[in-house]
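Peer 1:
In this note's numbering, the protein residues as written are -16 to 265.
(1) Among the residues of its own chain, which have a CB less than 7 Å from the CB of residue -5, if the five just before and after it don't count?
(2) Going along the chain, which unbroken runs of the alpha helix (DSSP H) with 4 or more residues stay wholly within the segment 129 to 212?
(3) Would you report the Cα separation of residue 236 and residue 88, rounded to the nearest angstrom?
(4) Could you tell me the alpha carbon to alpha carbon distance between residue 244 and residue 198, rounded to whole angstroms?
(5) Excluding the 5 residues flanking residue 138 on each side, which residues of the same chain have their C-beta closer than 8 Å to its C-beta?
(6) Just to confirm, are residue 27 and residue 203 a CB contact at a threshold of 9 Å?
(7) Just how far apart, CA to CA, sit residue 160 and residue 233?
(8) Just how far apart, CA to CA, sit residue 143 and residue 175?
(9) Report the rounded CA-to-CA distance for residue 39 versus residue 30, giving the unit in angstroms.
(10) Tell me, which residues are paired with residue 14 by DSSP?
(11) Determine the direct distance from the alpha carbon of residue 150 to that of residue 12, and round the result to whole angstroms.
(12) So for residue 238, helix, strand or coil by DSSP?
(13) Give the range of the alpha helix (DSSP H) segment to which residue 36 is assigned.
(14) Alpha carbon to alpha carbon, how far is residue 250 from residue 222?
(15) Is it right to say residue 148 is buried, meaning 16 or more other beta carbons lie within 10 angstroms of its own, or is it exposed?
(16) Out of curiosity, what's the CA-to-CA distance linking residue 128 and residue 215?
(17) Going straight from the alpha carbon of residue 238 to that of residue 231, what length do you get?
(18) Would you identify the three-state DSSP class for residue 214, choosing helix, strand or coil?
(19) Helix or strand or just coil, what does DSSP make of residue 111?
(20) On the DSSP bridge list, what partners appear for residue 117?
(21) What are the boundary residues of the beta strand (DSSP E) that includes residue 66?
(22) In this structure, what does DSSP give as the bridge partners for residue 228?
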């Protein structure tokens, strides 16, 4: 595997023929992907298809076994500190007292040994800079009103906005979100999707979002990457999520239906429930 530095400010992520093998098993191969600045891309597919593995490959945490990948014109590992990353959703205990503002601040100095640096007068210049950056990140996600409250007392949607602020605090050009809509109700899923789309459009940030259900984000997406059976296909929603494309990808008959309300439902794929229905209600 070689890495070609083919990316640039206008194409933050470029992959060609990319493959990952773990434990002797090919997770996926022949992934071709180009993500431009300001684009919103969803990574879809059944459980075990390697969606999170693709995010980790972009982060440079997992090496490619074939093909090439460039992130911001660099080897993925060299670009890691320039990326914003939100891992799979964590649960906060209701009694957790850390404030939302403190959670966001961990995006700046969370890797430091010991407690975060204080905002007192001893480091007044740094304190003002840190405070301004934290407040700006919180304002970007519309969480100023409740950021001072304990994180355990906030709703799932409010917590997720603050976690996105944490990922944004270093002003990344690429935002990687691993299942940020999981466990959220439908209104909060739509709200978070709209927030990510706004950041992409207004700030030129490229966002890659892993999802099980395309419906909460479909109205905002530029393109999708669909992984299944160790293979992938990418393109616009209409190019990828259709009966003929998914039938070829799965190697079995798949039908894509659009409900009167505009929801996409995939019927006939090996993994129930519908990949593009509500996985939390049966």
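Backbone N, C-alpha and C fix where the C-beta goes; we use that ideal spot for every residue, glycine too.
Peer 2: From the atom records:
(1) 18, 20, 54, 55, 156, 157 and 189
(2) Correct list: 139 to 151 and 169 to 186.
(3) 49 Å
(4) 11 Å
(5) Short of 8 Å from the beta carbon of residue 138, and not among the five residues preceding or following it, lie these beta carbons of its own chain, in chain order: 171.
(6) no
(7) C-alpha separation (whole angstroms): 25 Å.
(8) Spanning the alpha carbons of residue 143 and residue 175 requires a straight line of approximately 8 Å.
(9) 16 Å
(10) 1
(11) 28 Å
(12) strand
(13) Note, residue 36: alpha helix (DSSP H), 34 to 41.
(14) In this model, residue 250 and residue 222 are separated by some 17 Å (Cα to Cα).
(15) buried
(16) 42 Å
(17) 11 Å
(18) Residue state, collapsed to three classes: strand.
(19) helix
(20) Residue 117 pairs with nothing; no bridge assigned.
(21) 66 to 69
(22) DSSP lists no partner for residue 228.
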